[in-house]
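Heads up, the thing below is written out as structure tokens.
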Amino acid sequence: MSNATINGRRALTLSTRARDRVQVGRLGPSRLRIALSYAVLVPVTILFVSPIIYMFIASFKPNNEVLSGFGVFSPQDLSLNNYLSIFSRFSGPDTGTFTGFLTTSLLVSSVTVVGGLAVNSIAAYALARLRWPGRNLLLLGVIALVIVPFEAIAVPLFYMLDGLRNTYLVQFLPFIASPFSIYLFYSFFAGLPKSLEEAARVDGAGAWRTFFSIMLPNAKPAFATVAILQFMSSWSSFLWPVMVIDDPTVRPLPLAISVYVGTPPYGWGNIMAFGVMMVLPMLVVFLIFQRWFIRSVVASGVKG
Amino acid sequence: MATIKYDSVEKTYPDGTKAIPGISLEVRDREFMVFVGPSGCGKTTVLRMTAGLEDITGGRLYIGDRVVNSLPPQKRDIAMVFQDYALYPHMTVRDNIGFALRMMGRPKSEIRQRVEAAAARLSLTALLDRKPRNLSGGQRQRVAMGRAIVREPQAFLMDEPLSNLDAKLRVQMRAEISSLQRQLGVTTVYVTHDQVEAMTMGDRVAVMKSGLLQQVAPPEELYERPVNIFVAGFIGSPKMNLFESVLRRRPGGGAYVTFGQQELAIPDDVLRERPALRERNEGPIKVGIRPDGFFLSPNGPSDQSLQVTTEVVESLGNERMVHFIAPVRKASDADARDQRTELEEITPDGGTSMFIARVPPYPKVRERETVRLGVNTKGLYFFDEEGNSLL
Chain L
504 MSNATINGRR
514 ALTLSTRARD
524 RVQVGRLGPS
534 RLRIALSYAV
544 LVPVTILFVS
554 PIIYMFIASF
564 KPNNEVLSGF
574 GVFSPQDLSL
584 NNYLSIFSRF
594 SGPDTGTFTG
604 FLTTSLLVSS
614 VTVVGGLAVN
624 SIAAYALARL
634 RWPGRNLLLL
644 GVIALVIVPF
654 EAIAVPLFYM
664 LDGLRNTYLV
674 QFLPFIASPF
684 SIYLFYSFFA
694 GLPKSLEEAA
704 RVDGAGAWRT
714 FFSIMLPNAK
724 PAFATVAILQ
734 FMSSWSSFLW
744 PVMVIDDPTV
754 RPLPLAISVY
764 VGTPPYGWGN
774 IMAFGVMMVL
784 PMLVVFLIFQ
794 RWFIRSVVAS
804 GVKG
Chain V
483 MATIKYDSVE
493 KTYPDGTKAI
503 PGISLEVRDR
513 EFMVFVGPSG
523 CGKTTVLRMT
533 AGLEDITGGR
543 LYIGDRVVNS
553 LPPQKRDIAM
563 VFQDYALYPH
573 MTVRDNIGFA
583 LRMMGRPKSE
593 IRQRVEAAAA
603 RLSLTALLDR
613 KPRNLSGGQR
623 QRVAMGRAIV
633 REPQAFLMDE
643 PLSNLDAKLR
653 VQMRAEISSL
663 QRQLGVTTVY
673 VTHDQVEAMT
683 MGDRVAVMKS
693 GLLQQVAPPE
703 ELYERPVNIF
713 VAGFIGSPKM
723 NLFESVLRRR
733 PGGGAYVTFG
743 QQELAIPDDV
753 LRERPALRER
763 NEGPIKVGIR
773 PDGFFLSPNG
783 PSDQSLQVTT
793 EVVESLGNER
803 MVHFIAPVRK
813 ASDADARDQR
823 TELEEITPDG
833 GTSMFIARVP
843 PYPKVRERET
853 VRLGVNTKGL
863 YFFDEEGNSL
873 L
């Protein structure tokens, strides 16, 4: 029998199988399966969301009701007192002000994100696509650095940047270049079709122009991911500010809340209000960038 | 417009692999040159070296009268169409086509006018403000062409631009590209693995194997006078039947070749026209018969026909493909040796091989039927024992 016939028969078998699959697809998963999925997903969702809802509601409750178990979820005795008390407790140069903490955190995180996106994406592009001596060695170094925890380099860094203590600069300078972000960008750039850049080169674009006009607009998912990750890491950074900041006027939010928690009188409602105000900006950043989080536009430009 | 001249152009990779041991060829001004060959034969490497996307490690490449070996792609004045089209996903069709002109710093009004002219030529005017993701495969292919023609370059380089299209669209685009190239008169180097594309589009076709040019000739010449069994087997669809044979002389004059136990007489005028065959001593030889060199001939003379048992018969409406197995060893070059069907086997006495004949639909031929197939012995191809040269 010839190949053609053999192939013909194989094709027939495949098409029958494909038809079966289509039918299965049309029927969809069974109701039992859906019920089981919900039985697992609903409790897991509640488990993860409830602390946030708890924090949000408790921030409007008097201090003595915050630790009253499920009673905290009852919509009674709600007020803005906790928020107002935070603003009144932090109102002088010796304590710092809440808006001061917020400004510091926003400034430090924004510079970390903007600087991080610029520096890490350019470094990753050079590693992924340009040819230069020592490239593979450096890439290996970057990958190795991904697994080094910050705690391991905190002390050397502390001595290296001793002269910059109690400044904004010291809070973002060590975090702009991030091996993890470089690696993330690197993986993304390495996955973009090479022909896009080659087409740009043939069209007359140099390396910089190719990066800014072709690679960058197609790397939005990578930029969004890095922006979210670097913002989150900078926004909630605690160990480093503890080491280098003791001036309340340049104190970031995580450090401020820790000072607040450790200073009597202890008010859980106030702490919850502080927590809410700390989480909200992070939520906003996530909402801005999340639509690019999974989206990938590149596949649509190539292949027929 | 320009000529493209490859003067012993070589490509050796840093690990020492010689992808192109050295090719020399001149693509004439306004010519449509097709590089064709199996995967890994080096045709795309040659194209990429021409574009400046791969370094040239030896020899000289001329575009026009300039040596361009060390010039970057943008300074070679060429335009390239990529296999995956490489359209910029975030740009509209208008911006995609106009990108190269923007890079050249042309005024906006000129860019608009040239982009619109190119779009009109390719029937893309209505799609100018769409993004590539909203285009069909054929439309994307046109945009890729638009991006190439808008620059009015010295040469077009095309890397299998039709391979992502379905069969019907491929036939249509094939004709459109050929016609466009003729209208514009731009020297074109086109790479494909599809011999039908090569034969239908090229003014000349360069057949490559293992980084070496096997034959450069117009399509008809490749078909009629392939220089070796690689070209003979590669060009033509279905493939030429090539088999190991023995050349024998008849005592009273004349000669014949064997097909297993059967004999095929070589016509006297063929011997007259081919001195290399006429002078050749008796002995092993490789012979080729195109599938359309067979015809049904129930009462044909035994030295101009073969008695075979059909294995599979495929009806295409206007013709039938008759596959038959014969106790004859297929002749193939080193690259094709593993491409045997599962019914073929090699044994010390030669083994069996599958052959194919293209015959008219009537009289009807059935599977597993013994038939006599006439052979157009004037259309036989004879190669030396190694298959390296046509006799």
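Sequence order for the protein chains is L and V. If you read the first sequence in this note's numbering, its first letter stands for residue 504, the second for the next number, and so on. If you read the second sequence in this note's numbering, its first letter stands for residue 483, the second for the next number, and so on. A virtual CB, placed ideally from N, CA and C, is assigned to each residue, including glycine.
**Prompt:** Going along chain L, which residues have a C-beta under 9 Å from V/TYR672?
**Reply:** Within the second sequence, the letter at position 190 stands for residue 672 of chain V. Here the premise fails: no neighbours, minimum Cβ distance about 16 Å.
key: Cβ-based contacts, 8 Å cut-off: residues of the segment 693-705 of chain L near chain V   = Within the segment 693-705 of chain L, the residues whose Cβ lies closer than 8 Å to some Cβ of chain V are PRO696, SER698, LEU699, GLU701, ALA702, ALA703, ARG704 and VAL705, listed in chain order.
Count Cβ pairs between the segment 637-653 of chain V and the segment 598-617 of chain V that sit closer than 8 Å; are there 3 or more? Taking 8 Å as the limit for Cβ pairs, the verdict is that the segment 598-617 of chain V does not touch the segment 637-653 of chain V.
Between V/GLY736, V/LEU695 and V/GLY715, which has its C-alpha nearest V/SER490's C-alpha? As a first step, residue 490 of chain V is located in the second sequence; it is residue number 8 there, counting from the start. Looking at the Cα atoms, V/LEU695 is the closest of the given residues.
Does any C-beta atom of chain L lie closer than 8 Å to the C-beta of V/MET562? To locate residue 562 of chain V, count along the second sequence from 1; it is residue 80. It does: the Cβ of V/MET562 has a partner Cβ on chain L nearer than 8 Å.
**Prompt:** Can you name, in chain order, every residue of its own chain whose Cβ lies under 6 Å from the Cβ of L/PHE590, other than the five neighbours on each side?
**Reply:** One-based indexing of the first sequence puts residue 590 of chain L at position 87. Excluding sequence neighbours, L/PHE590 sits near PHE601.
**Prompt:** Roughly how many angstroms lie between the CA atoms of L/THR598 and L/ASP749, to the nearest whole one?
**Reply:** One-based indexing of the first sequence puts residue 598 of chain L at position 95. One-based indexing of the first sequence puts residue 749 of chain L at position 246. Cα to Cα, the separation comes out at about 11 Å.
For V/THR670, count neighbouring C-beta atoms within 10 Å of its own C-beta (all shown protein chains included) and say buried if the count is 16 or more, exposed if not.
The sequence position of residue 670 of chain V within the second sequence is 188, counting from 1. Flag for V/THR670 reads buried.
Cβ of V/ILE711 within 8 Å of Cβ of V/GLY869? Within the second sequence, the letter at position 229 stands for residue 711 of chain V. Within the second sequence, the letter at position 387 stands for residue 869 of chain V. With contacts defined as CB atoms closer than 8 Å, V/ILE711 and V/GLY869 qualify as a contacting pair.
Check your understanding: Should L/ILE646 be flagged as near chain V, meaning a C-beta pair shorter than 8 Å?
Key -> The residue labelled residue 646 of chain L in the question sits at position 143 within the first sequence. Judged by the 8 Å Cβ criterion, L/ILE646 is not in contact with chain V.
| request: Please list the partners that L/GLY707 has in chain V, where partner means a Cβ-to-Cβ separation under 7 Å. | output: Reading the first sequence from its first residue, position 204 is the one you call residue 707 of chain L. Neighbours of L/GLY707 in chain V, taken as residues whose beta carbon is under 7 Å from its own, are GLN556, ALA582, MET585 and MET586 in chain order.
Are there 16 or more other CB atoms within 10 angstroms of the CB of V/ASN723, so buried, or fewer, so exposed? Here residue 723 of chain V corresponds to residue number 241 of the second sequence, with the count starting at 1. Under this definition V/ASN723 is a buried residue.
Quiz prompt | DSSP bridge partner residues for L/GLY644 (one or two, in chain order) | solution = Taking the first residue of the first sequence as position 1, residue 644 of chain L is located at position 141. In the DSSP output, where bridge partners are listed per residue, L/GLY644 has none listed.
On the three-pair Cβ rule with 8 Å, is the segment 649-656 of chain V touching the segment 494-512 of chain V? The answer is no - the segment 494-512 of chain V does not touch the segment 649-656 of chain V, with fewer than three Cβ pairs under 8 Å.
Taking Cβ-Cβ distances below 7 Å as the criterion, which residues of the segment 563-580 of chain V are in contact with chain L?
So the list reads PHE564, ASP566, TYR567, ALA568, LEU569, TYR570, PRO571 and HIS572, given in the order they occur along the chain.
- Item | Start-end ranges of the alpha helix (DSSP H) lying completely within the segment 739-779 of chain V, minimum 4 residues | Look at the segment 739-779 of chain V and you find these whole runs of alpha helix (DSSP H), each 4 residues long or longer: 750-755 and 757-761.
Tell me the DSSP secondary structure of V/ARG840 in three-state form. The sequence position of residue 840 of chain V within the second sequence is 358, counting from 1. DSSP places V/ARG840 in strand when its eight states are reduced to three.
Give the list of continuous alpha helix (DSSP H) stretches no shorter than 4 residues that lie fully inside the segment 561-630 of chain L. Correct list: 584-592.
Measuring straight from C-alpha to C-alpha, what distance separates L/SER737 and L/TRP795? The count along the first sequence starts at 1 and reaches residue 737 of chain L at position 234. The count along the first sequence starts at 1 and reaches residue 795 of chain L at position 292. In this structure, the CA atom of L/SER737 is about 21 Å from the CA atom of L/TRP795.
Check your understanding: What in chain L is Cβ-close to V/LEU535, meaning under 8 Å?
Key -> Here residue 535 of chain V refers to the residue found at position 53 when the second sequence is read from its first residue. Chain L residues near V/LEU535: GLU701, ARG704 and VAL705.
Q) Do you know whose CA, among V/GLN556, V/VAL857, V/MET803 and V/PRO766, lies nearest L/GLY707's CA? A) What you label residue 707 of chain L is simply residue 204 of the first sequence in a count that begins at 1. Ranked by how close their Cα comes to the Cα of L/GLY707, the residues V/GLN556, V/VAL857, V/MET803 and V/PRO766 have V/GLN556 in first place.
Going by Cα to Cα distance, which pick from V/LEU872, V/ALA600, V/LYS812 and V/SER787 is closest to V/VAL853?
In the second sequence, counting from the first residue as 1, residue 853 of chain V sits at position 371. When only C-alpha atoms are compared, the closest one is V/SER787.
| task | Leaving out five residues on either side along the sequence, give the residues of the same chain with a beta carbon under 6 Å from the beta carbon of L/GLY709. | result | Position 206 of the first sequence, counted from the start, is the residue given in the question as residue 709 of chain L. Closer than 6 Å at the Cβ level, and outside the excluded window around L/GLY709, lies no residue.
Tell me the rounded alpha-carbon separation between L/ARG534 and L/TYR541.
Counted from its first residue, the first sequence places residue 534 of chain L at position 31. Counted from its first residue, the first sequence places residue 541 of chain L at position 38. Looking at the two C-alpha atoms, the distance is approximately 11 Å.
For L/PRO767 versus L/LEU758, is the C-beta spacing smaller than 8 Å? Reading the first sequence from its first residue, position 264 is the one you call residue 767 of chain L. Reading the first sequence from its first residue, position 255 is the one you call residue 758 of chain L. Taking 8 Å as the cut-off, the beta carbon of L/PRO767 is found no closer than this to the beta carbon of L/LEU758.
- Task: Take V/THR740 and list the residues in its own chain whose beta-carbon comes closer than 6 Å to its own, dropping the five residues that flank it on each side.
- Result: To locate residue 740 of chain V, count along the second sequence from 1; it is residue 258. Closer than 6 Å at Cβ, skipping near neighbours: SER727 and VAL728.
- If you draw a straight line from the C-alpha of L/PRO696 to the C-alpha of V/SER552, how long is it? Residue numbering aside, residue 696 of chain L sits at position 193 when the first sequence is read from its first letter. Residue numbering aside, residue 552 of chain V sits at position 70 when the second sequence is read from its first letter. For the pair L/PRO696 and V/SER552, the Cα-to-Cα distance works out to about 25 Å.
| query | Can the beta-carbon of L/VAL616 be found closer than 8 Å to that of L/ALA722? | reply | For the purposes of this step, residue 616 of chain L is identified with residue 113 of the first sequence, where counting begins at 1. For the purposes of this step, residue 722 of chain L is identified with residue 219 of the first sequence, where counting begins at 1. No, these two residues do not count as a Cβ contact at 8 Å.
Item to check | Near-chain V residues of the segment 656-667 of chain L - C-beta to any C-beta below 7 Å | outcome: Contact residues of the segment 656-667 of chain L toward chain V are absent (C-beta to C-beta distance below 7 Å).
**Message:** On a Cα-Cα basis, can you pick out the residue from V/VAL769, V/ILE545, V/ARG686 and V/PRO635 that is closest to V/MET586?
**Reply:** Counted from its first residue, the second sequence places residue 586 of chain V at position 104. Ranking V/VAL769, V/ILE545, V/ARG686 and V/PRO635 by Cα distance to V/MET586 puts V/PRO635 first.
Q) By how many angstroms is the C-alpha of V/VAL794 removed from the C-alpha of V/ASP685? A) Along the second sequence, one-based indexing puts residue 685 of chain V at 203. Along the second sequence, one-based indexing puts residue 794 of chain V at 312. Approximately 37 Å, taken between the alpha carbons.
### Task
Using three-state DSSP, classify L/PRO532 as helix, strand or coil.
Residue 532 of chain L sits at position 29 when you count from the first residue of the first sequence. For L/PRO532, the secondary structure class from DSSP, reduced to helix, strand or coil, is coil.
| Proximity to V/GLY693 [Cα-Cα], best of V/ASP750, V/VAL528 and V/ALA484 | The count along the second sequence starts at 1 and reaches residue 693 of chain V at position 211. Selected option, being the one with the closest Cα: V/VAL528.
Q. The beta strand (DSSP E) with V/ALA808 in it runs from where to where?
A. On the second sequence, residue 808 of chain V is found 326 positions in, with the first residue counted as 1. Where V/ALA808 is concerned, the enclosing beta strand (DSSP E) stretches over 802-808.
Exercise. Should the segment 769-781 of chain V be called in touch with the segment 837-852 of chain V, which here means at least 3 C-beta pairs below 8 Å?
Worked result: Judged by pairs of C-beta atoms under 8 Å, the segment 769-781 of chain V touches the segment 837-852 of chain V, as three or more such pairs exist.
- Message: Less than 8 Å between C-beta atoms, sequence neighbours within five positions excluded: which residues of the same chain meet that for L/TRP771?
- Response: Numbered from 1 along the first sequence, position 268 holds the residue referred to as residue 771 of chain L. Within its own chain, the residues whose Cβ lies closer than 8 Å to the Cβ of L/TRP771, once the five positions on either side in sequence are excluded, are ALA561, ASN566, VAL569 and LEU570, listed in chain order.
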